[in-house]
Structure formats: structure tokens, C-alpha cells
Amino acid sequence: MLNAPSQEFPAPGSQQRVALAGRSKVPLKPGRSLMDWIRLTKSGKDLTGLKGRLIEVTEEELAKHNKKEDCWICIRGLVYDVTPYMEYHPGGEDELMKAAGSDGTDLFDQVHRWVNYESMLKECLVGRMALKAFAAPLKEICPRVPEGNELLNGTFPKNENLDYSSKDIVPSYDWFQKDDSITVVIYTKQKNMNPELVIADLHSGKLRGEIIVKDYSYLLHVELSFEVHEEVIVQVSEKVGKVEFVLTKREPLSWKTLGQPLESHNSFVKCTDRGLCYRKCKLLSKENVTHDTRLFCLMLPPGTHLQVPVGHHVYLKQTITDAEIVKPYTPVASSLVSKFKSPSCCDKTHIFFMIKIYPSGLFTPVLDALQIGEYISLSNPEGNFTTLQVEEVEELFLLAGGTGFTPMVKLLNYALTSSNTLRVAKLMFFNKTEDDILWRRQLEQLSLNDARFDIQFVLSEPKEGWLGKQGRISSSLLSQFVKRSKCDSKILICICGPLAFMEQGIQFLQDLGHSSKEIHCFTA
Ligand code: FAD
Ligand code: NAD
Numbered sequence: 001m002l003n004a005p006s007q008e009f010p011a012p013g014s015q016q017r018v019a020l021a022g023r024s025k026v027p028l029k030p031g032r033s034l035m036d037w038i039r040l041t042k043s044g045k046d047l048t049g050l051k052g053r054l055i056e057v058t059e060e061e062l063a064k065h066n067k068k069e070d071c072w073i074c075i076r077g078l079v080y081d082v083t084p085y086m087e088y089h090p091g092g093e094d095e096l097m098k099a100a101g102s103d104g105t106d107l108f109d110q111v112h113r114w115v116n117y118e119s120m121l122k123e124c125l126v127g128r129m130a131l132k133a134f135a136a137p138l139k140e141i142c143p144r145v146p147e148g149n150e151l152l153n154g155t156f157p158k159n160e161n162l163d164y165s166s167k168d169i170v171p172s173y174d175w176f177q178k179d180d181s182i183t184v185v186i187y188t189k190q191k192n193m194n195p196e197l198v199i200a201d202l203h204s205g206k207l208r209g210e211i212i213v214k215d216y217s218y219l220l221h222v223e224l225s226f227e228v229h230e231e232v233i234v235q236v237s238e239k240v241g242k243v244e245f246v247l248t249k250r251e252p253l254s255w256k257t258l259g260q261p262l263e264s265h266n267s268f269v270k271c272t273d274r275g276l277c278y279r280k281c282k283l284l285s286k287e288n289v290t291h292d293t294r295l296f297c298l299m300l301p302p303g304t305h306l307q308v309p310v311g312h313h314v315y316l317k318q319t320i321t322d323a324e325i326v327k328p329y330t331p332v333a334s335s336l337v338s339k340f341k342s343p344s345c346c347d348k349t350h351i352f353f354m355i356k357i358y359p360s361g362l363f364t365p366v367l368d369a370l371q372i373g374e375y376i377s378l379s380n381p382e383g384n385f386t387t388l389q390v391e392e393v394e395e396l397f398l399l400a401g402g403t404g405f406t407p408m409v410k411l412l413n414y415a416l417t418s419s420n421t422l423r424v425a426k427l428m429f430f431n432k433t434e435d436d437i438l439w440r441r442q443l444e445q446l447s448l449n450d451a452r453f454d455i456q457f458v459l460s461e462p463k464e465g466w467l468g469k470q471g472r473i474s475s476s477l478l479s480q481f482v483k484r485s486k487c488d489s490k491i492l493i494c495i496c497g498p499l500a501f502m503e504q505g506i507q508f509l510q511d512l513g514h515s516s517k518e519i520h521c522f523t524a
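Right, here's the structure in full:
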């Protein structure tokens with residue numbers, strides 16, 4: 001679960017850094033899979049030796065438990081005895097030991113902040129850190145409107161402990177009503193606000209609105225005074241940075257207050273300090289893309305406004321043998337752009353995923369068994385890619401291995417339809433066999449329709465008769481492929497696929513003289 005990055009590669013145009021190496025899975029002993037761990041935690045065995053008691057842990061006490069055979073780790077103020085988990089950790093014991101006897105929150109956030117450790121390590125919970133040692137108490141970073149305070153005006157409470165660079169960017173909110181509607185207005189004080197930065201969920205009389213402002217997240221979270229229809233209209237004034245949520249009243253009552261504040265209401269915290277929020281989406285369709293990969297179409301609930309930006313991913317969550325398991329997936333468009341048809345990107349309620357089913361995998365076989373009309377939980381988007389990276393790019397080189405193709409779909413569509421400068425877009429697509437190539441016909445069709453686009457397939461396990469390129473990612477393949485057509489062309493190279501593929505690819509590109517600014521690597 002905790003894998004410390006041992007090599008970092010800067011993501012262009014982003015403060016975030018992506019860690020690649022050191023995240024490979026280590027071979028686990030037989031009987032030590034995630035499924036085995038879940039079974040052990042459900043067996044009723046006392047894993048902490050505390051017989052279900054929870055204790056308050058001081059920093060000194062935590063530090064004493066720093067050995068493989070006695071290892072405690074603190075994550076977000078809660079202390080876990082991870083000794084029994086050691087042999088089950090996919091990243092290996094050594095990675096886990098990096099946080100032994102200490103606060104592993106940062107390490108955990110760098111790599112796996114999405115892993116549902118509360119559920120995975122529930123039976124390992126020892127207790128809570130004694131307050132003195134809890135580095136960032138929630139109430140300091142998540143100020144709340146005091147209980148009973150009426151929500152007439154949502155000016156953000158001043159908090160000197162907040163570490164945002166300029167206090168001028170702290171959003172505030174207000175609301176007004178008409179006979180049939182309620183409008184909540186959030187002043188983000190942010191230029192270039194856009195609908196992708198706004199996530200709204202209106203369910204069971206509760207409104208949760210999250211707005212991303214730079215690396216921070218502003219949350220509006222209230223239990224509404226009266227009933228409204230479960231639909232929310234989101235309006236964004238991009239230039240002035242105003243966001244409006246328009247709700248429709250069920251009855252023409254006059255509201256005195258918007259409602260009661262819920263957890264973290266009116267708070268403004270670093271995005272990485274905000275837990276992921278999930279909503280249940282309906283499976284609308286499931287189609288075969290290849291023998292083992294399917295295109296899933298999910299529908300957002302009517303009360304949700306959520307748009308996944310190009311190159312970002314979400315987490316899907318399922319309960320498997322009583323444990324909540326989450327895995328990241330990158331939404332794709334329903335198809336690639338063609339001369340005649342732009343992708344159905346205008347439909348904001350459907351989200352498409354291209355997902356490979358691994359028969360021995362934990363998550364995908366259960367996902368594959370999901371029936372049309374059934375539901376699955378989907379998180380807010382995450383990612384460190386921004387379309388600003390494509391701005392002014394003249395030549396775009398995409399390197400994809402297997403389902404590492406998924407972030408390339410929306411990126412290609414975006415670049416080919418929105419860029420004024422793009423002259424060349426080339427995809428080198430690495431697969432094992434011809435049968436594994438995703439959307440082959442669409443890719444070939446696109447290269448016929450759009451003179452800027454070129455596709456090259458490379459197979460690592462070709463069957464007899466394959467006349468195309470063979471092998472795995474290599475310096476010689478890349479030196480032929482990533483060639484500027486003009487010596488001063490502005491280029492961007494994007495890479496995604498198995499970890500070893502990305503690590504090798506980045507190394508080859510660096511050896512070929514490409515700067516880190518010219519390379520973007522898609523990771524979680
Ligand atoms: P797992 O249980 O993880 O197993 C996968 C394979 O690895 C199986 O063959 C299994 O036998 C083997 N394995 C498991 N554990 C070990 C071990 N310890 N040692 C050796 N082998 C092992 N996938 C997509 O299909 N589409 C996407 O759009 C997509 N987007 C992603 C976006 C991001 C940011 C990331 C990081 C990953 C993405 N993935 C995507 C991959 C996805 O998150 C899952 O990893 C994948 O679906 C496998 O999940 P699983 O639980 O079914 O398989
Ligand atoms: P796969 O095993 O079918 O391999 C596809 C190709 O990748 C191979 O033909 C080979 O050319 C190359 N490759 C595989 N292993 C390699 C290695 N050890 N060294 C060098 N090259 C190698 O691929 P798959 O099963 O479709 O897996 C796709 C991977 O992409 C998964 O690991 C998934 O997590 C990752 N992925 C990441 C993101 C993201 O981070 N945004 C999105 C989608 C998929």
C-alpha cells in the first residue's frame with residue numbers, strides 16, 4: 001500500500017510530480033493475495049492483540065513500533081498495526097517499513113491516496129494519535145460554520161493557519177431565491193473558471209458542491225431547508241469566476257435559510273487533503289472492443305454535474321467480499337473523431353470506459369459481471385495533465401502500451417479538434433498481438449481522414465504473417481518515431497502503459513535528448 005517513489009519525473013506544467021519507479025508489485029508468497037488478506041480480516045482473528053479496544057497513541061509510543069515484527073503506522077491521525085499486513089502488501093515489506101513507527105500520511109498520499117485503507121486496515125486499527133502529535137487537526141484546515149449558524153451568507157471564516165499563497169483567492173458564497181428556484185452563487189475570485197472545475201451532487205436533499213481553485217478545493221455542503229427536484233443546473237461565468245447552482249423547489253415556499261451545514265461545509269483546503277467523493281452510476285451498456293477489453297458506458301445520476309478533464313482519471317469502487325476496493329480508470333470518448341462525426345463529447349451525463357478484464361484480477365472480473373441497469377460508485381476526477389500543455393504544440397507524439405491507450409483517446413480528439421497549431425499527431429501503439437489492438441479500425445480510419453494523424457502498431461508477440469513493426473519499446477524505435485519535422489518545432493510526447501514500459505520509455509527519451517518539459521507521463 002505505501003510505496004515511496006524512488007525516482008521522480010517532473011510533470012510539465014504542473015506542480016505535481018509523478019513517481020514511477022519503486023511502485024512495481026513484488027511477488028507475494030502463495031496465500032498472500034489481497035483476497036487472502038480480506039479473508040483473514042473477516043476471520044474474526046484479533047490482529048492488534050487489543051481485543052477490539054482502541055487506545056490513544058503518543059508520538060513516543062508510535063516510534064517504539066518500528067520493526068517488521070512490530071510495526072505501527074499513523075495515517076491521518078489514526079494508528080494501524082500493519083505487522084500482520086506486511087506479507088500481503090503488493091509493494092513489499094520494505095516499502096511499508098519506510099513509514100514504520102511514524103506518520104505515513106504524506107508517503108501514502110504521494111502514491112495511493114485513493115486506496116481505501118480505512119476499509120483494508122479496519123481490523124488493524126490501534127487507535128488515534130494523542131492530539132499533540134496530530135500534525136494537521138481537521139478543524140484547523142476545515143473550518144466549519146458553527147453549529148446552529150444560519151447559512152445566510154457564506155463568507156469564508158478567516159483562518160490564519162491556512163497555507164494558501166494569496167488570501168484573495170479564498171472563495172465565498174451567497175444564495176437567493178425565486179418562487180420556484182434557489183440559486184447558490186460561489187464567487188471563486190478565479191479567472192478562467194470552467195465547468196470541469198466544478199463538481200456538484202444533489203442527492204436526498206443534500207447539496208455538495210466542490211470547486212477547484214488552483215491546488216485547492218472549496219466545498220459547499222448543506223442539508224437543504226426544503227425539498228427540491230434532484231437536478232442541478234451549473235452555470236459558470238468563466239471571466240469573473242462566478243459559479244451558480246440552480247435548484248428547482250418542489251413547492252413554492254419561501255426559504256429563510258439555505259439549510260444546515262454538513263461536514264467540511266464552507267471549507268477551503270488543499271485538493272490532496274480532501275477525501276474523494278463517490279456517487280452511484282448506472283451501467284447503461286457494455287460492448288466488446290477486443291477479446292478481453294470492453295467499452296462500458298455509465299450514466300451519472302441526474303443530481304450530479306461532473307466532467308472528467310482530458311488526461312484525468314477517476315476511481316471506480318466496488319464491494320468485493322465485504323471490502324471496498326477502488327481502482328483508477330481513464331474515461332475515453334465514445335469514439336475517435338472522424339471527418340464526418342465529432343465524438344459525443346457534448347453529452348455530459350454519459351461516461352465511457354475502455355477496460356481490460358484480467359481473469360485472475362481482483363476488480364475487473366467483478367466489474368465484468370455487472371449487469372446493465374446495476375450501479376457502481378465513481379469518484380471525482382484526478383490527474384496532473386492540463387490541456388495548456390498542448391497549447392502551441394506543433395507535433396504531438398503518443399506512446400501507448402495496451403490500455404495505456406485510454407488517456408490518448410480524449411487527448412487526440414482534443415488536439416485534432418481544438419488546436420490551431422498542430423501539424424502532426426502520431427501514435428505508436430504497443431500491443432502483444434494483433435487481436436489486442438484497441439480500436440484498430442477507428443485508428444486506421446482516422447489516419448485516412450486526417451492527414452495530420454499517423455498510426456504505427458508495434459507487436460511484442462506477433463503471430464506469423466505480421467509484417468509491421470515488432471518488439472518492445474526501444475531507443476531505436478523511438479529515435480525513428482519521435483522526429484521533429486522542423487528543428488524548432490514545439491513538441492509534446494505523452495506516454496502511458498505498464499510501469500516498466502513507461503520507465504523504459506522515459507529513460508530512452510531522456511537519453512535521446514528530450515527535456516522533461518517535452519514529456520508527459522500519465523500515472524495515478
Ligand atoms: P489485479 O488484481 O490488479 O491484477 C492484474 C494482473 O496482475 C492480473 O493478471 C494478476 O494476476 C496480476 N497480479 C496481481 N497482483 C500481482 C503481483 N503481486 N505480482 C504479479 N502479478 C500480479 N485499466 C484499464 O483497463 N482501462 C483504463 O482506462 C485504466 N486506467 C487507469 C488509469 C490509471 C491512472 C491507472 C494507474 C491504471 C489504470 N488502469 C486502467 C488499470 C486499472 O486501474 C487496474 O489496475 C486494472 O483494471 C487491473 O485491475 P484488477 O483488480 O482486475 O487486476
Ligand atoms: P499488456 O501487458 O498487454 O502490454 C502491452 C504492451 O506493453 C506490450 O505488448 C509491450 O510492448 C509493453 N510492455 C508490457 N510489459 C512490458 C515490460 N515489462 N517492459 C516493456 N514493455 C512492456 O498491457 P495491458 O495489460 O493492457 O496493461 C496496460 C497497463 O497500462 C496497465 O498496467 C495499466 O495499469 C496501465 N494504464 C495506466 C493508465 C494511466 O496511468 N493513466 C491508464 C490506462 C492503463
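Counted the way UniProt numbering counts, the sequence shown spans residues 1 to 524. Glycine included, C-beta positions come from ideal geometry on N, C-alpha and C.
Burial state of residue i (16 or more Cβ within 10 Å)
i, result
"Gln504", "buried"
"Leu427", "buried"
"Ile351", "buried"
"Arg39", "exposed"
"Phe522", "buried"
"Pro261", "buried"
"Ala135", "Because the pLDDT at Ala135 is just 31, under 50, the model does not fix this residue reliably, and the value given afterwards should be weighed accordingly. The residue is exposed, with fewer than 16 neighbouring Cβ atoms inside 10 Å."
"Pro171", "buried"
"Thr155", "Low confidence applies to Thr155: its pLDDT is 40, below 50, so where it sits in the model is not reliable, and the reading given next is rough at best. That one is exposed."
"Val126", "buried"
"Asn153", "Summary for Asn153: the model assigns pLDDT 38, below 50, so the residue's position carries little reliability, and this model does not support an answer."
"Val269", "buried"
"Ala200", "buried"
"Val308", "buried"
"Val240", "exposed"
"Leu388", "exposed"
"Gln190", "buried"
"Trp439", "buried"
"Val26", "exposed"
"Asp180", "exposed"
"Phe429", "buried"
"Gly22", "Only weak support exists for where Gly22 lies, its pLDDT of 41 falling under 50; the value from the coordinates is given anyway. Buried."
"Leu54", "exposed"
Beta-ladder partner(s) of residue i, from DSSP
i, result
"Ser172", "Tyr187"
"Phe352", "Cys297, Val332"
"Ile495", "Leu399, Cys521"
"Tyr358", "The partner list for Tyr358 (beta bridge, DSSP) is empty, contrary to what the question assumes."
"residue 533", "Residue 533 lies beyond the range of the chain shown here (1 to 524); nothing can be said about it."
"Ser460", "Answer is none; Ser460 lacks a bridge partner."
"Glu324", "Thr319"
"Ser489", "Paired residue(s): none; Ser489 is not in a bridge."
"Ser285", "Cys297"
"Asp454", "Lys426"
Residue from the options whose Cα sits closest to the Cα of residue i
i, options, result
"Val332", "Met408, Glu61, Lys280, Met193", "Met408"
"Ile233", "Glu227, Trp255, His305", "His305"
"Met299", "Pro252, Ile355, Gly373", "Gly373"
"Gly401", "Asp273, Ile473, Met193", "Ile473"
"Tyr274", "Gly209, Pro30, Lys356, Glu464", "The sequence shown places Arg at residue 274, not Tyr. Nearest C-alpha to Arg274: Gly209."
"Val184", "Asn192, Asn194, Leu202, Gln190", "Leu202"
"Asp511", "Leu478, Ile495, Ser43, Ser489", "Leu478"
"Lys67", "Thr272, Lys98, Glu227", "Lys98"
"Val246", "Gly303, Cys277, Leu284", "Gly303"
"Arg128", "Thr421, Phe430, Glu61, Ser475", "Glu61"
"Glu518", "Leu96, Glu392, Val79", "Glu392"
"Cys124", "Thr41, Arg250, Glu93", "Thr41"
"Leu411", "Val337, Lys51, Val310, Leu284", "Val310"
"Arg423", "Thr403, Pro462, Ser485", "Ser485"
"Glu118", "Glu324, Glu231, Val222, Lys356", "Glu324"
"Phe397", "Ala415, Ser217, Gly383", "Ala415"
"His312", "Cys496, Val243, Trp175, Arg250", "Cys496"
"Thr248", "Thr290, Leu362, Ile182", "Ile182"
"Ile492", "Thr433, Leu499, Val482, Ala500", "The sequence shown places Leu at residue 492, rather than the Ile named in the question. Nearest option by C-alpha distance: Val482."
Near ligand 3: residue i beta-carbon under 8 Å from a heavy atom
i, result
"Pro365", "Within the structure as shown, ligand 3 is missing, the only ligands being ligand 1 and ligand 2."
Contained alpha helix (DSSP H) runs [length at least 4] in the UniProt domain "Cytochrome b5 heme-binding" (54-130), N- to C-terminal order: 59-64, 93-97, 105-112, 117-120
In chain order, each alpha helix (DSSP H) run of at least 4 residues that lies wholly inside the region 377-441: 406-418
Complete beta strand (DSSP E) runs within the UniProt domain "CS" (168-259) (minimum length 3 residues, chain order): 172-177, 181-187, 198-203, 206-213, 216-224, 228-237, 242-249
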